[in-house]
Amino acid sequence: MSNESNRREFLKQSGLLTGGALLTSLPSFSASYGYNQSVDDTIKVALIGCGGRGTGAAMQAMNTKQNIKVVAMADAFRDRLDESYTSLTKHPQAAQKVDIPDDRKFVGFDAYKQAIPLADVVILATPPGFRPSHFEEAVKQGKHIFMEKPVATDAPGVRRVLAAAEEAKKKKLNVVVGLQRRYQPSYREMIKRIHDGAIGDIVGGQVYWISGGVWQKPRKPDQSEMDYQMRNWYYFNWLCGDHINEQHVHNIDVANWVKNSYPVSCQGTGGRQVRTGKDYGEIFDHHIVDFVYADGTTINSQCRHYEGTYSRVDEMFLGTKGKVEGMEKRNSALMTYKGQPIYSYDAKADASPYQIEHNELFAAIAKGDYKFADAERVAKSTMTAIMGRMATYSGKMVKWEEALNSQIDLFPDKLAWDAMPKVLPNADGLYPVAVPGKTVTV
Amino acid sequence: MRKFINLLTLACAITVSSQAQVSNDRTKSYVQQIPGSALTYDMVAIPGGTFQMGSPASEKGRKPDEGPQHSVKIEPFWMGKLEVTWDLFDLFSFHNMEKEMAAKTPGFDLAKTDAVTRPSPPYVDMSFGMGRAGYPAINMTQYSAIKFCAWLYAKTGEFYRLPTEAEWEYACRAGTQTTYSFGNDMKLLGQYAVYKANSGGAYKKVGTKKPNPWGLHDMHGNVMEWTLDQYIPDYYAKRAKGTVTEPYAKVTQLYPNSVRGGSWDDDPLVLRSAARTPSDPSWKVLDPQSPKSEWWLTSASFVGFRVVRPLKKPSDEEIKAYYNPPLIEDY
Numbered sequence: 001m002s003n004e005s006n007r008r009e010f011l012k013q014s015g016l017l018t019g020g021a022l023l024t025s026l027p028s029f030s031a032s033y034g035y036n037q038s039v040d041d042t043i044k045v046a047l048i049g050c051g052g053r054g055t056g057a058a059m060q061a062m063n064t065k066q067n068i069k070v071v072a073m074a075d076a077f078r079d080r081l082d083e084s085y086t087s088l089t090k091h092p093q094a095a096q097k098v099d100i101p102d103d104r105k106f107v108g109f110d111a112y113k114q115a116i117p118l119a120d121v122v123i124l125a126t127p128p129g130f131r132p133s134h135f136e137e138a139v140k141q142g143k144h145i146f147m148e149k150p151v152a153t154d155a156p157g158v159r160r161v162l163a164a165a166e167e168a169k170k171k172k173l174n175v176v177v178g179l180q181r182r183y184q185p186s187y188r189e190m191i192k193r194i195h196d197g198a199i200g201d202i203v204g205g206q207v208y209w210i211s212g213g214v215w216q217k218p219r220k221p222d223q224s225e226m227d228y229q230m231r232n233w234y235y236f237n238w239l240c241g242d243h244i245n246e247q248h249v250h251n252i253d254v255a256n257w258v259k260n261s262y263p264v265s266c267q268g269t270g271g272r273q274v275r276t277g278k279d280y281g282e283i284f285d286h287h288i289v290d291f292v293y294a295d296g297t298t299i300n301s302q303c304r305h306y307e308g309t310y311s312r313v314d315e316m317f318l319g320t321k322g323k324v325e326g327m328e329k330r331n332s333a334l335m336t337y338k339g340q341p342i343y344s345y346d347a348k349a350d351a352s353p354y355q356i357e358h359n360e361l362f363a364a365i366a367k368g369d370y371k372f373a374d375a376e377r378v379a380k381s382t383m384t385a386i387m388g389r390m391a392t393y394s395g396k397m398v399k400w401e402e403a404l405n406s407q408i409d410l411f412p413d414k415l416a417w418d419a420m421p422k423v424l425p426n427a428d429g430l431y432p433v434a435v436p437g438k439t440v441t442v
Numbered sequence: 443m444r445k446f447i448n449l450l451t452l453a454c455a456i457t458v459s460s461q462a463q464v465s466n467d468r469t470k471s472y473v474q475q476i477p478g479s480a481l482t483y484d485m486v487a488i489p490g491g492t493f494q495m496g497s498p499a500s501e502k503g504r505k506p507d508e509g510p511q512h513s514v515k516i517e518p519f520w521m522g523k524l525e526v527t528w529d530l531f532d533l534f535s536f537h538n539m540e541k542e543m544a545a546k547t548p549g550f551d552l553a554k555t556d557a558v559t560r561p562s563p564p565y566v567d568m569s570f571g572m573g574r575a576g577y578p579a580i581n582m583t584q585y586s587a588i589k590f591c592a593w594l595y596a597k598t599g600e601f602y603r604l605p606t607e608a609e610w611e612y613a614c615r616a617g618t619q620t621t622y623s624f625g626n627d628m629k630l631l632g633q634y635a636v637y638k639a640n641s642g643g644a645y646k647k648v649g650t651k652k653p654n655p656w657g658l659h660d661m662h663g664n665v666m667e668w669t670l671d672q673y674i675p676d677y678y679a680k681r682a683k684g685t686v687t688e689p690y691a692k693v694t695q696l697y698p699n700s701v702r703g704g705s706w707d708d709d710p711l712v713l714r715s716a717a718r719t720p721s722d723p724s725w726k727v728l729d730p731q732s733p734k735s736e737w738w739l740t741s742a743s744f745v746g747f748r749v750v751r752p753l754k755k756p757s758d759e760e761i762k763a764y765y766n767p768p769l770i771e772d773y
């Protein structure tokens with residue numbers, strides 16, 4: 001198969017391209033290549049982070065037209081890995097594409113290091129706090145990558161991802177990141193026309209993720225603090241980065257996409273109004289941020305987790321010649337200020353964007369194409385969300401450069417089940433929460 | 443009216459343990475109070491009877507799965523006057539909200555609903571920004587709607603469930619045999635239904651349109667409604683012999699199930715009394731997880747439900763079976 005020989009050649013080149021990478025990546029790469037030689041066009045996948053989303057991403061990889069084998073799994077928790085394995089092997093068609101004997105199931109904080117070398121493509125879907133180290137390792141090993149958003153939880157993490165993204169470009173590693181709106185036909189068509197000037201220059205907008213919030217898991221007796229925070233990662237910034245980062249990055253990224261740039265500064269308001277108990281770690285339940293772009297455009301961002309209230313996940317933009325009131329709507333439309341349609345898109349028959357992102361990634365890999373370098377822009381959209389958090393936590397105006405260069409590192413000094421994260425509960429079980437005007441975030 | 447309800451309350455307090463205002467008189471509609479909250483849900487008495495289910499081959503827009511027309515006997519029941527709204531559904535979805543509301547409206551023992559299995563919080567906004575208070579709850583799976591009924595039973599002590607497909611069509615027709623419950627004139631549809639031409643691309647609050655002859659609103663349009671049945675295209679053909687009593691196709695597969703009434707997103711023909719819509723895996727196309735949520739659809743902002751209460755309360759064993767359908771996982 002010519003495609004296959006292209007791909008092999010490509011995989012080989014990817015691994016060999018830079019001298020620096022050669023030494024570190026050669027052993028694992030040759031192992032991977034050797035495995036491939038006897039199994040025709042198989043693309044081997046390792047799943048790092050076996051929650052519902054990681055498992056879903058592995059399913060989507062297996063649903064592509066390419067010949068996929070999921071060959072290794074890694075997770076911090078044995079039970080999560082086992083549930084994922086059960087899920088992957090339950091579907092009869094998927095099960096044929098899963099080849100993970102027990103000795104390729106890796107558990108613990110370092111599990112990813114053992115799983116990554118065994119694959120051609122890695123899926124990185126742990127909580128975002130781990131993404132910088134996992135992405136660095138995957139790039140170092142010369143792997144193509146699908147990773148979930150956001151890609152960091154603090155500025156040092158963003159800088160590591162940006163550096164590794166440069167390395168990935170040099171090695172021509174395809175990197176797709178799960179900001180799936182970038183792969184969603186409706187968004188692609190609408191934003192293409194916005195960029196073509198259909199509603200003029202974009203001079204304002206609002207982006208929203210206001211919803212009821214997410215799961216929470218009760219503390220168990222004798223559970224270590226690290227175990228508790230890992231199980232409830234959503235509520236701790238070193239793992240999640242707050243929901244402005246973990247969820248709202250989707251809508252913030254759409255703003256950056258529409259503006260074709262990143263904000264130069266922001267200021268905002270946030271706090272814990274409804275979700276205040278000790279079960280909810282340290283994150284806020286609402287943030288409202290003004291993001292200001294270099295041309296003076298302000299995009300207002302609003303996210304909150306209040307149960308049983310009005311909810312909306314969407315983006316709207318105002319141009320000099322027209323507007324779009326809801327990008328997320330199935331019948332989204334660009335229109336004039338008098339309400340005349342300029343362009344509309346019915347997304348009813350669209351395929352899943354989650355599937356499309358895998359289809360495109362694996363098709364490129366199979367052909368030996370180098371097409372995707374999502375990491376840099378997602379790192380910057382992640383930085384945008386983190387900058388928003390810096391503003392709501394501190395109450396200060398925050399500038400892009402100072403945010404990006406912040407030395408505040410949220411990550412624990414040591415990763416181990418008996419090690420302590422940096423943020424700990426007080427005697428009443430409550431975690432310290434940012435106080436605007438007092439908390440320093442940059 | 444107030445006085446009447448008070449009297450009824452007294453009567454019920456004597457005959458039924460503590461279920462104020464719930465009627466056991468098959469001819470009476472009633473208001474179901476939702477204990478531990480200020481919410482109510484109106485139930486309309488539907489008389490028992492026999493009707494012609496399905497549509498004649500001559501009906502415009504008719505599909506083969508609507509035939510042959512056949513005689514179906516239905517026992518009396520009560521049906522929700524309106525589609526279930528987010529106000530009520532959120533109380534089921536969000537345990538904390540139920541607790542907070544119960545604290546404001548004392549008299550309900552929260553232990554009663556503690557054991558009910560509830561939806562995992564949806565990751566995305568399930569109302570798609572179309573509005574929440576007073577608007578129909580949408581995007582729940584049939585499993586989720588059934589579990590809501592189990593919660594409502596725990597909450598009220600009354601047995602509620604989804605209507606069977608036959609009950610739904612019987613109640614929708616309300617004694618009519620025409621295309622719609624108001625006749626055959628499609629021009630009148632806008633007075634009775636929220637559908638594609640008048641919805642502005644979103645659902646509307648429940649009950650903004652005229653009711654059908656039995657006082658039920660939005661049976662045509664606004665949101666499609668879950669029934670208890672598996673969708674079997676040739677089900678009528680298979681069973682049509684004489685008069686069929688209380689037909690019901692038990693669910694054995696995740697897809698398709700039968701959904702009725704058409705929605706804000708549909709053309710008039712989908713809203714016909716006899717029209718059947720099969721549920722579809724594409725309704726979860728935006729669920730990125732595996733297994734996919736058993737609770738939420740991600741792309742069915744046109745599907746909701748209403749509940750019924752049969753006159754004859756099933757046995758405890760039957761109730762248990764209703765509320766615990768086998769969970770069919772979706773990989």
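If you read the protein sequences in the order shown, they are chains Y and U. Take 1 as the starting number for the first sequence in this note's numbering and just add one per residue. Take 443 as the starting number for the second sequence in this note's numbering and just add one per residue. In this text, a Cβ means the ideal position worked out from N, Cα and C, and glycines have one as well.
- Task: With distances taken Cα to Cα, identify the nearest neighbour of Ala168(Y) among Phe146(Y), Gln407(Y), Lys140(Y) and Arg159(Y).
- Result: Lys140(Y)
- Query: So, using beta-carbon positions, are Ser465(U) and Tyr472(U) closer together than 8 Å?
  - Reply: yes
- Pull up the CB-CB distance for Gly703(U) and Pro655(U), whole angstroms please, since I reckon it's below 8 Å. Contact doesn't hold; Cβ gap of about 16 Å is too wide.
- May I ask you to report which of helix, strand or coil DSSP gives Ser757(U)? coil
- Query: In the DSSP assignment, what are the bridge partners of Tyr345(Y)?
  - Reply: Ser332(Y)
- Message: Along the region 560-571 of chain U, where does the CB come closer than 9 Å to a CB of chain Y? Name the residues.
- Response: Ser562, Pro563, Pro564, Tyr565, Val566, Asp567, Met568, Ser569, Phe570 and Gly571
- Message: Counting beta carbon pairs with one atom in the region 557-565 of chain U and one in the region 487-495 of chain U, are three or more of them shorter than 8 Å?
- Response: no
- Does Gln141(Y) get closer than 8 Å to chain U when you measure Cβ to Cβ? no
- Message: Counting only beta-carbon separations shorter than 8 Å, does Lys169(Y) have a partner in chain U?
- Response: no
- Under 8 Å, do Asp676(U) and Pro698(U) count as touching if we go by C-beta distance? no
- Message: For a minimum of 3 consecutive residues, which ranges assigned as the beta strand (DSSP E) are wholly contained in the region 140-186 of chain Y?
- Response: 144-147 and 175-177
- Taking just the CA atoms, how far does Ala164(Y) sit from Val176(Y)? 14 Å
- Query: Do Thr694(U) and Leu604(U) have their CB atoms nearer than 8 Å?
  - Reply: no
- Query: Which whole-angstrom value describes the C-beta separation of Ser211(Y) and Val566(U), a residue pair presumed to lie in contact below a C-beta threshold of 8 Å?
  - Reply: 7 Å
- Task: Mind checking the region 87-110 of chain Y against chain U and listing, in chain order, the residues whose C-beta falls within less than 8 Å of any C-beta there?
- Result: Ser87, Leu88, Lys90, His91 and Ala94
- Query: Is the distance from the Cβ of Thr382(Y) to the Cβ of Val214(Y) below 8 Å?
  - Reply: no
- Message: Comparing C-alpha positions only, which one of Cys240(Y), Thr298(Y) and Glu225(Y) sits nearest to Trp417(Y)?
- Response: Glu225(Y)
- Message: Beta-carbon within less than 6 Å of Gln247(Y)'s beta-carbon, same chain only, minus the 5 sequence neighbours each way: which residues are those?
- Response: Trp209
- Where does Ala21(Y) land, buried or exposed, given buried means 16+ other C-beta within 10 angstroms? Confidence in Ala21(Y) is poor, its pLDDT being 38 and thus under 50, which makes the residue's placement too unreliable to answer from.
- In its own chain, which residues sit with a C-beta less than 7 Å from the C-beta of Val471(Y), not counting the 5 before and 5 after it? The structure shown does not extend to residue 471(Y), since chain Y spans only 1 to 442, so no value can be given for it.
- Item | Closer than 9 Å at the beta carbon, the chain U residues around Lys69(Y) | Going along chain U, no residue has its Cβ under 9 Å from Lys69(Y), so there is no contact; the nearest lies around 17 Å.
- Item | Closest by C-alpha distance to Lys683(U), when choosing among Ser700(U), Trp706(U), Gly509(U) and Gln731(U) | Gly509(U)
- Message: Strictly under 8 Å for the Cβ-Cβ distance: is Gly296(Y) near chain U by that measure?
- Response: no
- Any C-beta of chain U sitting closer than 8 Å to the C-beta of Lys329(Y)? yes
- Pick helix, strand or coil for Lys762(U), following the three-state DSSP scheme. helix
- Thr719(U), enclosing beta strand (DSSP E) - first and last residue: Arg718 to Pro720
- Taking Cβ-Cβ distances below 8 Å as the criterion, which residues of the region 290-320 of chain Y are in contact with chain U? Glu307, Gly308, Thr309, Tyr310, Ser311, Arg312, Val313 and Asp314
- Task: Throw me the rounded Cβ distance for the Gln206(Y) and Gln302(Y) pair, which I believe falls under 8 Å.
- Result: 7 Å
- Item | Cβ of Ser352(Y) within 8 Å of any chain U Cβ | yes
- Would you call the CB atoms of Leu47(Y) and Ile145(Y) closer than 8 Å? no
- Item | At least three beta-carbon pairs within less than 8 Å, the region 185-196 of chain Y to the region 734-746 of chain U | no
- Item | Closest residue to Leu424(Y) among Tyr85(Y), Gln229(Y) and Phe106(Y) (Cα-Cα distance) | Gln229(Y)
- Item | Close Cβ partners of Gln584(U) (< 6 Å) along its chain, the five nearest in sequence each way excluded | Trp668 and Asn699
- Rounded distance between the beta-carbons of Val648(U) and Thr527(U), thought under 8 Å: 6 Å
- Query: Should Trp215(Y) be flagged as near chain U, meaning a C-beta pair shorter than 8 Å?
  - Reply: yes
- Item | Spatial distance of Lys399(Y) from Val324(Y) (CA atoms) | 28 Å
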